[in-house]
Each structure stands twice: as structure tokens, then as C-alpha cells.
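Protein chains in written order, with our numbering: chain L, 1 to 316; chain U, 1001 to 1316; chain D, 2001 to 2316; chain C, 3001 to 3103; chain E, 4001 to 4103; chain P, 5001 to 5103. All residues carry an ideal CB built from backbone N, CA and C; glycine is no exception.
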Amino acid sequence: MSPPVLFFVLGALAAAARSDLAVPETVAKGLSLYLMAAIGLKGGVEVSRAGIDGQLGLALLAGVVLSFSIPFLVAPVLRRFGRLDRVNAGAVAAHYGSVSVVTFVTANQIYAGSGFLAAGFMVAVLAAMETPAILSGLIIARREGGGRLFEPRLLHEVAFNGSVVLLLGSFAIGMLLGEDGYQPILPLFTTGFTGVLCLFLLDMGLIAMRRLMQTRALTVRLAMLGVVFPLVNGTLGVVAGVLVGLDAPSVAVLGVLAASASYIAVPAAMRLSLPQADAGLYLAMSLGVTFPFNIVLGIPLFRGLAEALTPLMGAA
Amino acid sequence: MSPPVLFFVLGALAAAARSDLAVPETVAKGLSLYLMAAIGLKGGVEVSRAGIDGQLGLALLAGVVLSFSIPFLVAPVLRRFGRLDRVNAGAVAAHYGSVSVVTFVTANQIYAGSGFLAAGFMVAVLAAMETPAILSGLIIARREGGGRLFEPRLLHEVAFNGSVVLLLGSFAIGMLLGEDGYQPILPLFTTGFTGVLCLFLLDMGLIAMRRLMQTRALTVRLAMLGVVFPLVNGTLGVVAGVLVGLDAPSVAVLGVLAASASYIAVPAAMRLSLPQADAGLYLAMSLGVTFPFNIVLGIPLFRGLAEALTPLMGAA
Amino acid sequence: MSPPVLFFVLGALAAAARSDLAVPETVAKGLSLYLMAAIGLKGGVEVSRAGIDGQLGLALLAGVVLSFSIPFLVAPVLRRFGRLDRVNAGAVAAHYGSVSVVTFVTANQIYAGSGFLAAGFMVAVLAAMETPAILSGLIIARREGGGRLFEPRLLHEVAFNGSVVLLLGSFAIGMLLGEDGYQPILPLFTTGFTGVLCLFLLDMGLIAMRRLMQTRALTVRLAMLGVVFPLVNGTLGVVAGVLVGLDAPSVAVLGVLAASASYIAVPAAMRLSLPQADAGLYLAMSLGVTFPFNIVLGIPLFRGLAEALTPLMGAA
Amino acid sequence: MTEMTRRERIEVLVDAPLVRKLAELAQEAGITGHTLWRVTGGSGTGGVWSEDLLSGATAKCLFLVIANAERADAFMAALEPLLDSHQLIVMRSAVDVVRAARF
Amino acid sequence: MTEMTRRERIEVLVDAPLVRKLAELAQEAGITGHTLWRVTGGSGTGGVWSEDLLSGATAKCLFLVIANAERADAFMAALEPLLDSHQLIVMRSAVDVVRAARF
Amino acid sequence: MTEMTRRERIEVLVDAPLVRKLAELAQEAGITGHTLWRVTGGSGTGGVWSEDLLSGATAKCLFLVIANAERADAFMAALEPLLDSHQLIVMRSAVDVVRAARF
Ligand SMILES: Nc1ncnc2c1ncn2[C@@H]1O[C@H](COP(=O)(O)O)[C@@H](O)[C@H]1O
Ligand SMILES: Nc1ncnc2c1ncn2[C@@H]1O[C@H](COP(=O)(O)O)[C@@H](O)[C@H]1O
Ligand SMILES: Nc1ncnc2c1ncn2[C@@H]1O[C@H](COP(=O)(O)O)[C@@H](O)[C@H]1O
Ligand code: NA
Ligand code: NA
Ligand code: NA
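This is how it looks when you write it as C-alpha cells:
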């Protein structure tokens, strides 16, 4: 296992043993800002080198379609098999359509460690996939309600969400700088990256496991869905990536994105827009079940799938 | 534009778009401690290499005179053109006499990026310029009041202000260590420097723009002064630097120092000593107007001016 | 003096001058997590290279015996010479039996800077020495009380204490990774290490000196004990290390561990288990007196002692 | 003696993402301001919680307003429909304030 | 008008390591929950303190419970033996709450 | 039952740089201690603010003292001249405390 995954496991074990190990919230926030700036810059520099071609447009389209449609796919399962009401089903579904930045970062890092390099523009795909699912989740939750679908403020908050702005902004800065302009900040943003990711995943392990242990809302059925959804959605992501003709590493990353569930942007949006939904529930599923699953199993899995399926398309 | 300036612009744009992007306050505090320790160390190591000559004394003198006298220069303008009362004029004036550490750091980094290297002892000049202006500001605000000019506690607080202590302390440590002793900590303090500055300026862009958008106190006239003051004061700084015979990069840095306005040490001192002055006003001017002006335009401007004027003196 | 020690002195001087310089608590917490992860990893990687032999077992045994027995040694002195009651004597004694992670880290760094390299497994000894002393302290404080010796919760808290878990967890990760697996995170955890230690010790200097200045509980007699205890305990540690046949650098580090006093894990445990003991007292002694003594004088001293005594054993 | 006037003090324990909504309701009730601080942990029917959360979605704040009785009543009435859906905890008591004209 | 009910508000200033103990006592007294926040400084007979501490051993929290009079009394009684050894500062006052059934 | 005594609770919302001044005034009024915590945001006539500030010059704190009526009056009187210049918000109410001798 790679260092970041080992630190994630350490965090999870520490929380399971009820250790008081904790990363202060503001420090974790600082680390996550660093990770987002670094991943954005790297993507932008990479694109400035490789240039942009039609692939970007197709990848963005695939990402947006996945993010928007996955909630409609998972919501009925949440209602019937998971026994959730409409509002909770909509809220949970929004999480699965959207994405987890840290899962993306970890996948990139692990893949890159063995030379399996995704396209730089996948950062833009990541950013594009954050929000469409929120819209879908609200449509599901309020389908029959009389009120308006969402408050105008929500759209703005979601579009100018801190992580979207930082990812796309750093991406743009990376493109502007190019490889030469990036040199002065390369030591901080590239050399230190894997180490910072370790510390961050240590915290994620602690948080994910504590979330899982504290939850009262998670049923066995819902926990099962927390594993089934990433498997199904990740496969859909891989297939979509193959269909639009991406290279194998980018296909794998699109799979990881589709499989991942949001635990930052979407929970905040749901708390605001669907306050009656159970926050303990959606955080337990996305953070406590799906996130660990993806970090430990999903990332290698979707790489395998991408490597198996991509050649088929190339041959077609 | 250099990476730090690009991140500053990104922060400002994000705030303008009312994004919720934010760097936690304590993280920003941590980054600023790092920047001050790093700049102090670098200056000290540099001085241990180049030695100290009469230049340092002259530069310190120029700095102290500028810091003390600039408030008397700008206060009448603030009163007449800016329409402020005596107390507010004194408070704002103190900010313009004092200096901004981050502006200094950014100027040094940008200049150094193209081999335009200021003397290491300019860190001491920076520290020396922080406080005389506070005295001047209080004199202006209280000229006719019956009470004592300042409480004894203020003098102590200002003299042993955290940033002054850290800057001068690190400077002394740098001198003690010399280039060889500095090697073990060079990777953190030199290699990572520009990257950390980027993250810090991202936050400064957010804060400066939010300050500007939230203010109710800033009139058009005062905003104009927020641009005119750095132009005039920076020119004075450059001229003073040329007169005392500094090299061109140090002249440019002295210009930047004179042009810059404090937004950390002086606001805290004014809140304590002139509580009736409007904190929203002086922070809007120094942080919202003058700081961005200097980062984006002032730094290249004073370099140009220094390069134009320094040879004149050398020829004399 | 090495850079970390110089920054420690700077912090102490700044606090003595009543400067408002401060490192935010959460930032300091973040730095300490980094230091513990780094030192654990380094130890583990080192062990994966050098292998484990009987030495580790003997060193662990020596450490545990020292930690458990030192409190029984110092408590009578605290009662008679220090004039403390049983409860306070037990609480203070627990601190001296346990260890200070930062003192350990600083010793390792200073020793390593001149090629005096302790065994990697000393990290495990450090972790093992944190808790036995707590048991001893409670036995001393409650010897005659009717109640139970400690609440079951305490044992758990102490065994899964955050710093023990992080140290041993990183140690295990370091062993799993080995030198090759460690490469991707080496830049953060090894290259940046000494610099981070500087910033952390700056904060420790501030805290230690403020603690000393604010205390009302510290008598001259107790302050004297704060210097005598590390001298005696450190000598015991060196002798124990020599007796179990460790190499000179590891002997010196065992001396430093025995000499050091806890100021994180033990105070929290004492606050919980012996709330009537005076927290101001034990923190003033361990943090305000013993910690600075060890950083500035103890570390070189125990190296000298170790270098003098180790050959004697080798010759035997 | 300092002149003091009786006013109402309303404190609401609320999830961070919902603070802005409360602020709007207070403003609509004619209340001139509010003050906010983060609470760092607690327990309730939803179990124990502490602030070590990434998303801030379930971080909680104490939201304090001071107002005269009439505005306080208007604010309480505006909160009514949110009480259950937003899981608010609301406390009201009397305080004496100085410079009472502003509340 | 919103229906409000009188309840007791108890605030305890307590060292962070002792919070869990208080929470247990509150629970044993039948109180359904509590809310906690960090205080960042203060002064008292023990001198001035501020939060810049590594160990957290002397960090302090405000511990707030709302309860009916009977449970509040039970909690106060349970606190009694700890008052001196744990150096607690306890404040009690009345508040009006909504959704009073839960307290 | 636990013996409780009526005391005055005074809370002042104040800018961080002015806290030390308040502490001095409280001490001069014979009050034995105070407790402090950071507030993280709010709104008022001066507009909306939140804590994301570098300088701390406009960070705000809640400053709490408990005192008997006489000392509380003395403290209030000492605050009087600062009310406007320092933009203080002051709340006073009654609380019951234990170990009342210390306040
Ligand atoms: N009796 C109480 N006293 C003080 N705070 C409470 C009480 N009950 C609940 N809370 C707070 O309200 C939050 C939500 O409560 P609940 O909805 O019961 O989970 C808890 O996490 C506590 O912070
Ligand atoms: N009169 C008071 N009003 C408010 N808080 C107090 C008062 N006295 C003590 N405190 C708080 O209680 C803590 C412990 O007090 P002491 O045990 O007197 O040192 C102090 O640090 C303050 O935070
Ligand atoms: N009615 C109110 N209730 C609670 N806090 C208030 C109120 N009015 C003002 N404040 C607080 O006092 C601060 C200063 O108010 P102002 O001087 O009106 O800007 C605000 O930022 C709020 O934090
Ligand atoms: Na997804
Ligand atoms: Na200036
Ligand atoms: Na020891």
C-alpha cells in the first residue's frame, strides 16, 4: 500500500481504538486548501504543456452527465431497498452524483506513482462534477412539493463554492504559468505533495471511522448501498470514459470520480436546502462507508477496469 | 505576473464573486509567522556574508525619518481633501507612515526572481519603520487634547510587537548561523518560500477585497488618497534611498516600504489608543486599497523609478 | 548553538520581554503532529534497514523500568525537600517518570547533525516510557486512599493516547515502507524537519517562559528540584543504557528520555485523575524549568556522559 | 448609576449553514444586529458530536440577539416554522442593557 | 404567540479534561444533552491564563445544560462534591425555551 | 439542596485589543476574575463582520464577570465613559452561583 493509504488506515485504526488522536479542524482545512491549489496547478501546468484538444470537451460532458444523472439512478434504490423517504433519498442521492476531491487527489497520486498518468484537464472535470448532482437531488426531494425548487442564493453558493473556485483558479494559474513559471513554487506544491496527503488522509481516517462509530442512522441496508453505489457508479464512469475515447488513466480517474461521493460541498448545500434531511445519515454513508471503500479498494479496481476496457474501444 | 501576484488576484476575484473560499485565520497566522521568520533569517544570513557597513546606519535613519514624518505629510490632506476629523486623520496617517510586512516580502521575492537583490539589512529597516509612525499618529490625533500622549503600556507593546520581535530575532539568528549554519533549515525557509507566499497572498486577496466590499466608511475621496499616498510616499522613499546612497534594489525596496501601509500592528495599536477612530475606515484604506495597489502596480513601479534615479546619484 | 535551540531562546526572550508574539494553538498542534509522524517514520525506516535485534527488547525494558520507578524516587524528595502533600507529590512525580517528545526530537536532531546517530527503535522506547509513570504517580497519590486506584477509562486513554498512537503508528508505517517506499514522502518528512522544529521550539520557548512568569505555585525549592531531577534521572538513564549494552548515541538518548518530563500526556491524565492537584505547579516545573534545562544544557550533557561511560562497558 | 433598560435576550443553537437564514429573519423582525460564536461539541438525541468535521455542514453556532419585547416576539414567531425542520434550540431570557436605544 | 416554557439553564466553567465527567453526571441526572464551547482566557485567584497551552490540560470550557427544575437540582447535587476539587464555577438562571418537552 | 446565592452576571461584547482595559477596570472594581471567549461573527450598524481578519484589531470577544451587586455597580460605572468611544455592548442579568464567597 502507498504511504497515504497507510496513514488513512492508521487514522481509522486509531479512531476504532477510541484514541484521542485528532488533527485540529483549521489545520485540516489548511491542508485541504493546499491540496486543492496543488492539484489545480499541476493540472494547469500539464495542460499548458500538452495543449487542449477535443478530449476536454468530451470529458467535461461525460462528467456533467454522470453527475446529473447518477442521483436519479440511486434515488429509487435508496427509497425501495434503503427505505428512505423522498427527502432523505434526494439528499443522499445528491452526494453520490457529486464527487470527493480527496478521493480524486489520492487516485491521481497513486496512479502517478506507477507512471499511470491521467490528463491534466481531469481537474476541470472534477470541478464540473461537483454541482449538477445538487440540482438533481433537489429535484428528487421536491418533485411534488409546491414551493420553488431552490433558492436563488443556493445556485450562487454552489457555483462559487470555495473548492470549485480554488481548483479552477489554480488550474488557470497553472496554465498561465506554464512549466517555467511554475518552477519557483514547484518545491512546495509538487515535492511536498505526497507527504501532506499522508497527514490529510490520517485525519480523514480518523473522521471517517468516528463518523461510522457515532452514527445512529445507518442501517445495514444503507451501509450495503454505500459499497454497491461506488461499484456501479464507478463502472458507469469507466464505461463513459471509454466511450468518449479518453486514455486509460483518465478513464480510471473518471471512474473514481463517478464512484466517489461528496462530503464537503454537498452536505453544506443539503443542510441549507433540505434541513429536514438527516445529516448524520448522508455523512455516515459518504464519509464513513463510500470514502474508505474507494481509497482502499475502488482506486485500484477502477484502474484495472480501465486498463481492461480501454483497449476494446481503441480497437473498435 | 509572478505566481504570488496571480494567487492574490485569484483571491480578490473569488471574494468579488462572493465565493465562500476562506483560509482559516489561525492558518493564515501560521503562514505569516513562517514568512517573517524566513525573511528575517534570509536577511541575517545575507548580512553575515556581505558584512555590515555604514549603509545600514544610513538606511535605518532614512527609514525612521520616513516613518515618523510621512504621517505629518498625509494628515493635512486627510483632513482637508479627505474630510476626516483630527482623530481619524491621525489614525489613518499612522498606517501610512508604518509599513506592510507582506508587501515587503512580496517585493523582495519578485525582485529576487529576476536577480534584482536588495541588501539583507533591509529587514532591519522594515522592523525599524513599523513603530515611529504610531507616535506621529497619536501626536496628530491628540495635539490639543489635555490628556497624556500615550499610555506607557502602548510604548512597550509597540516596541515588543510580535512581528518586530520575530523579524529582528530571526535576523539575529541568521547572522549567528551564517551560510553554513543555515543549511539544515534552508529547505523549509528558502525552498518552500514562494509557494507559501502564494497561499498567503491568496488569503490577502480574499481579505482585501472583502474589506473593500463590506466597508461603509470609504468615500471616493478617501479611496483616491489610498492610491495617491503610496505613489507620493513611495517616490519619497526612493528619493531618500538614492540620497543616502543605497544600491538600486535596496532603493526600490525602501520605496515600497514607504509606499506600503500597515494593516496589522498599527490597527491594533490604534484600536487601543484611539478607540473612537473608525477601524472600518483605516482598514479599508490600507488593506482594501493601498495594499492591492502596491502588490500589483507599486512593486514594479518603484523598481523602475529606482533604476532610473540611482545612476544619477552614482554619477554625482 | 543549533537553529532549533536558537529559536527556543528567541521565544523565551520574547516572552520575557512580554512581547505579544504567539503561535496559534492549532498551528502548534499541527506542527507537533508533523514532528511525531516524522520521527516515527524515520525510526521505522531506520529499523527496516538495520533490522531488529535483542537490543530493542533490552532498551524497552530499561525504558519501562525507568518510567515506572523514577516517580517513586522523586516523590519522597518532593514531599520532604519540596514540601508538597501526597497528592501533589504523586502528580509531579508522574511527570518526571514520563517523557517529553519534543526533548527527544530535539536531542535526536542535534545529535544527528554531528553524525551521532541513535538507533531507530528508540522511538518505540519513547512511546513505551510515556505511560508507566502515570500508574506510579497514582499509586503514590492514593496509596492510603480507600477508593480504586484509577478509573478503567484512564488506562484506556493513556494506552491509546494520541501521541503514542501516532508515534507507534508512523513507526510501523516506516517499517512497512522501508527506504524505497519512504522516498515519495521523504521531502516533507525529512528535508523540512529541522525547519519545522525551529518554529515549534520558538513556540515552546514562548510557552515555557510564560508558564514560568505566570506561575504562583513555584517555590525556590521546587525550581531547584526542576534542575536536580533531570540531572539525576538523566544519569540513571545513561547508566541503564550502558548496562543493557546500547551504543553511545542510544545511551545518550535514553538519558535524555529519563531526564525529560512530560507536559502533554501526563498533565491531561492528572487533571482527570487527580483534579485536586495543582496544574499550575506541575506545568511550571516540567514545562517552565526542566524542559528549558534539557534543551539547552541536558542534551549536550548526556551526550558527554554517554560518550564517557559507554566505552567502559564495551571494555568489560 | 448607569441607566439600564430591560431587553430580551434570545439565543439560538443552530447549524452553521443555517445562520444566514436566521440573520435574515432577525433583520426582517427589525432587530439591528446579532452576534455569533462557534460551539465545539455537545450531545443530544442525535448522539455526541464534536467539531472535528471537514464539511462544516453539522458545525453548530450560538446565535445571540438582543431586542425589545416586540421585535423579540416577531423574531420568535418567524422562527416557529423552522423549529423542527432545522432542529433549533431556542432560549429566551431578560437582560438589562445600556445604550438601549439601539436595540 | 410562540409557546414558551420555563426551564433552568446551568452553565459550568470547567477544565477540558473534566468535561466528559460532567457529561456523565448530567446524563445520570436525566438531562438529555449538553452544549460546549471553548473559552479562550480569563483571570481568577489562580492568576491570568490564556489558551496558548500545548497540553490542553488547563484549557477551559463552558458547559451548558438546559433542564427542568427537578433534573437541574439533581445535576447540581451531583456536582456538589466536585465543586472544590475540580474548581468549578457554576451559574444557574431561568430561561424560556420552545419545544420544552425535550428538556 | 446545594446552596446558591444571587449574583450579577455582566457580559460585555468588546474588541479584542480593549480586553485588557476591561480586565483592569473589573479588577479596580474589586471583581476577582473574568472569563473570555472569541465570538466569530455578527452584524450591527457597522455592517456584517466575520473573523477572517489578519490584524485582530477588530476581532471581538465576550467578556464575562460574575460579581455581587455592589461590585457590579462599580464596574458598570467604570464602563460608562467607554461605552460610546469603545462601542461596547453590555448585558446584565442575575444568576445563582455556588461557592459565592469568591465573587
Ligand atoms: N438539554 C440540553 N442542554 C443543552 N444543550 C442541548 C440539550 N439538548 C440538546 N442540546 C444541544 O443541541 C444539539 C442537538 O440536540 P439533538 O437535536 O437532541 O441531537 C446537541 O448536540 C446539543 O449541543
Ligand atoms: N468573578 C469571575 N467572573 C467570571 N469568571 C471568573 C470569575 N472568577 C474566576 N473566573 C474564571 O474562573 C477561572 C478559575 O478561577 P480561579 O479558580 O479563581 O483561578 C478563571 O480563570 C476565570 O476564567
Ligand atoms: N441587537 C444585537 N444583538 C446582538 N448583538 C448585536 C446587536 N447589535 C449589535 N450587536 C453586536 O455588536 C457588534 C457591533 O455593533 P454595531 O456597533 O451596531 O456595529 C455587532 O457586530 C454585533 O456583533
Ligand atoms: Na460521484
Ligand atoms: Na509606509
Ligand atoms: Na523522564
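Quick check: residue i and residue j, are their CB atoms within less than 8 Å of each other?
i, j, result
"M1209 (chain U)", "A1015 (chain U)", "yes"
"L41 (chain L)", "S250 (chain L)", "no"
"L1084 (chain U)", "A1269 (chain U)", "no"
"G137 (chain L)", "S2 (chain L)", "no"
"G1011 (chain U)", "M1204 (chain U)", "yes"
"V4090 (chain E)", "L4079 (chain E)", "yes"
"F1189 (chain U)", "G2030 (chain D)", "no"
"L4980 (chain P)", "K5060 (chain P)", "Chain P is shown from 5001 up to 5103; residue 4980 (chain P) falls before or after that span and cannot be answered."
"L2095 (chain D)", "A2261 (chain D)", "Reading the sequence as shown, one finds His at residue 2095 (chain D) and not Leu. Contact flag set, yes."
"L33 (chain L)", "L166 (chain L)", "yes"
"Q109 (chain L)", "P275 (chain L)", "no"
"R18 (chain L)", "F2160 (chain D)", "yes"
"A2133 (chain D)", "V2289 (chain D)", "no"
"G2043 (chain D)", "V2123 (chain D)", "yes"
"L2272 (chain D)", "P4017 (chain E)", "yes"
"T4005 (chain E)", "A3077 (chain C)", "no"
"W4049 (chain E)", "W3037 (chain C)", "no"
"S3093 (chain C)", "R3009 (chain C)", "yes"
"G162 (chain L)", "D1020 (chain U)", "yes"
"I39 (chain L)", "V92 (chain L)", "no"
"N1294 (chain U)", "T1131 (chain U)", "no"
"F2008 (chain D)", "L2201 (chain D)", "yes"
"G4041 (chain E)", "Q2214 (chain D)", "no"
"A3029 (chain C)", "A3100 (chain C)", "no"
Our contact map puts residue i next to residue j with C-beta atoms below 8 Å; I'd like the distance itself, whole angstroms only.
i, j, result
"V2125 (chain D)", "L2257 (chain D)", "7 Å"
"T3032 (chain C)", "T5045 (chain P)", "7 Å"
"H4034 (chain E)", "S3043 (chain C)", "6 Å"
"A248 (chain L)", "F302 (chain L)", "Contact doesn't hold; Cβ gap of about 11 Å is too wide."
"A2168 (chain D)", "A2127 (chain D)", "The amino acid occupying residue 2168 (chain D) in the given sequence is Leu; Ala does not appear at that position. With 8 Å as the limit, L2168 (chain D) and A2127 (chain D) qualify as a contact, their Cβ atoms being about 5 Å apart."
Where do the ends of the beta strand (DSSP E) carrying residue i lie?
i, result
"I4089 (chain E)", "4089–4097"
"T5005 (chain P)", "5005–5015"
"T3035 (chain C)", "3034–3039"
"L246 (chain L)", "Premise fails: L246 (chain L) is in no beta strand (DSSP E) and is neither H nor E."
"I5066 (chain P)", "5060–5067"
"G1205 (chain U)", "It is not in any beta strand (DSSP E) - G1205 (chain U) instead sits in the alpha helix (DSSP H) that spans 1193–1214."
"S5050 (chain P)", "5047–5050"
Which first and last residues belong to the alpha helix (DSSP H) in which residue i is found?
i, result
"H95 (chain L)", "86–97"
"A269 (chain L)", "265–273"
"G2011 (chain D)", "2003–2016"
"N2108 (chain D)", "2101–2113"
"E3080 (chain C)", "E3080 (chain C) -> no alpha helix (DSSP H), and no H or E assigned at all."
"E2025 (chain D)", "2025–2050"
"Q55 (chain L)", "54–80"
"Q5027 (chain P)", "5019–5028"
Do the region 4063–4073 of chain E and the region 2274–2291 of chain D meet, that is, are 3 or more Cβ pairs less than 8 Å apart?
-> no
Taking three-plus beta-carbon pairs below 8 Å as touching, is the region 1220–1232 of chain U in contact with the region 1017–1034 of chain U?
-> no
Mind pulling the alpha helix (DSSP H) runs of 4 or more residues that sit fully within the region 2139–2180 of chain D?
-> 2152–2159
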